[in-house]
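Notes for the one structure printed next.
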Amino acid sequence: GDSVTQMEGPVTLSEEAFLTINCTYTATGYPSLFWYVQYPGEGLQLLLKATKADDKGSNKGFEATYRKETTSFHLEKGSVQVSDSAVYFCALRLSGGTSYGKLTFGQGTILTVHP
Amino acid sequence: ETGVTQSPTHLIKTRGQQVTLRCSSQSGHNTVSWYQQALGQGPQFIFQYYREEENGRGNFPPRFSGLQFPNYSSELNVNALELDDSALYLCASSLAGAVRNSPLHFGNGTRLTVT
Numbered sequence: 001g002d003s004v005t006q007m008e009g010p011v012t013l014s015e016e017a018f019l020t021i022n023c024t025y026t027a028t029g030y031p032s033l034f035w036y037v038q039y040p041g042e043g044l045q046l047l048l049k050a051t052k053a054d055d056k057g058s059n060k061g062f063e064a065t066y067r068k069e070t071t072s073f074h075l076e077k078g079s080v081q082v083s084d085s086a087v088y089f090c091a092l093r094l095s096g097g098t099s100y101g102k103l104t105f106g107q108g109t110i111l112t113v114h115p
Numbered sequence: 116e117t118g119v120t121q122s123p124t125h126l127i128k129t130r131g132q133q134v135t136l137r138c139s140s141q142s143g144h145n146t147v148s149w150y151q152q153a154l155g156q157g158p159q160f161i162f163q164y165y166r167e168e169e170n171g172r173g174n175f176p177p178r179f180s181g182l183q184f185p186n187y188s189s190e191l192n193v194n195a196l197e198l199d200d201s202a203l204y205l206c207a208s209s210l211a212g213a214v215r216n217s218p219l220h221f222g223n224g225t226r227l228t229v230t
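These protein sequences, in sequence, are chains A and B.
Going letter by letter, the first sequence gives residues 1 to 115 in this note's numbering.
Going letter by letter, the second sequence gives residues 116 to 230 in this note's numbering.
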């Protein structure tokens with residue numbers, strides 16, 4: 001079945017450090033890929049997305065590139081801030097049919113940024 | 116634009132009881148999905164509703180059921196509650212279209228505790 005695997009956390013960084021959170025997936029067909037962020041006590045917020053191979057999603061300094069050859073969608077940010085501390089989820093959605101409401105999530109990666 | 120709202124925010128129930136959770140979808144969205152997020156885990160897809168009918172379901176037993184109303188709001192019902200049902204329940208809405216499906220937008224969730 002479809003699945004998403006994220007790097008083990010938690011990740012602890014100092015402010016202005018470089019961030020990478022690895023994400024790989026297994027899916028039938030050609031999924032769309034997403035990164036969601038969850039702040040304490042809140043729901044999920046869409047951070048960025050990519051719908052086809054080689055697409056780069058970007059938002060708020062975060063970037064991720066859809067790599068079909070390595071089935072990966074790694075999240076990167078060049079300089080993290082304390083306000084980036086949250087849980088980050090990689091997810092996929094299959095295209096076509098009735099899959100529009102179904103996301104398959106990874107287990108999440110906790111990011112803590114210290115001043 | 117009104118986002119996805121869920122009620123109540125917190126709920127405590129006893130094993131064996133029944134619970135109803137409510138969700139108002141984002142304005143303009145016609146699809147509602149429900150997810151269960153256990154502590155420290157990624158969200159798991161329960162089911163989705165489109166045009167008032169369930170048209171996709173994850174690996175959850177029949178005691179998890181739902182409704183979607185003409186205004187696209189939705190309810191999640193869980194019968195015969197078990198301790199393992201304790202989780203954050205997330206509602207997400209999206210716009211399903213013939214050409215492109217919009218990303219899911221999540222509410223802040225209902226925290227259910229079963230004792």
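Each residue gets a CB set at the ideal place from its N, CA and C atoms; glycine is no exception.
All values reported here derive from a predicted model rather than from experimental measurement.
With contacts defined by Cβ atoms closer than 8 Å, Y164 (chain B) and S189 (chain B) form a contacting pair. Of all alpha-carbon atoms in A:E16, A:Q45, A:A17, the one lying nearest the alpha-carbon of V119 (chain B) is that of A:Q45.
L126 (chain B) has its alpha-carbon roughly 29 Å from the corresponding atom of W35 (chain A).
One Cα belongs to L154 (chain B), the other to I110 (chain A), and the distance between them is close to 13 Å.
Of the candidates B:G157, B:T228, B:S208, B:Q121, B:S208 places its Cα closest to the Cα of H220 (chain B).
Against chain A, the CB of N223 (chain B) has a partner CB under 8 Å away; the residue lies at that interface. Between the segment 162–180 of chain B and the segment 131–149 of chain B there are three or more inter-stretch CB-CB distances shorter than 8 Å, so the stretches are counted as touching. In the structure shown, V119 (chain B) adopts coil according to DSSP, grouped into three states. When 7 Å is used as the limit between beta carbons, E42 (chain A) is near these residues of chain B: N223, in chain order. Distance from the CA atom of L19 (chain A) to the CA atom of G61 (chain A), rounded to whole angstroms, is 11 Å. Against chain B, the CB of K60 (chain A) has no partner CB under 8 Å away; the residue lies outside that interface. A direct Cα-Cα distance of roughly 24 Å separates A50 (chain A) from I161 (chain B). If you draw a 10 Å sphere on the C-beta of D54 (chain A), you find fewer than 16 other C-beta atoms in it, and that means exposed.
Secondary structure at V82 (chain A): helix, using DSSP grouped into helix, strand and coil. Under the Cβ distance rule, T146 (chain B) counts among the residues neighbouring chain A, one pair being separated by less than 8 Å.
As DSSP reads the structure, I127 (chain B) sits in a beta bridge with B:T228. For S72 (chain A), the pairing in a beta bridge is given by DSSP as A:T24, A:R67. For K56 (chain A), the uninterrupted beta strand (DSSP E) segment begins and ends at 56–59. DSSP, read as helix, strand or coil, puts Y187 (chain B) in coil.
Residue state for G173 (chain B) is assigned as coil, using DSSP reduced to three classes.
Y100 (chain A) sits in a helix when the DSSP states are folded into three classes.
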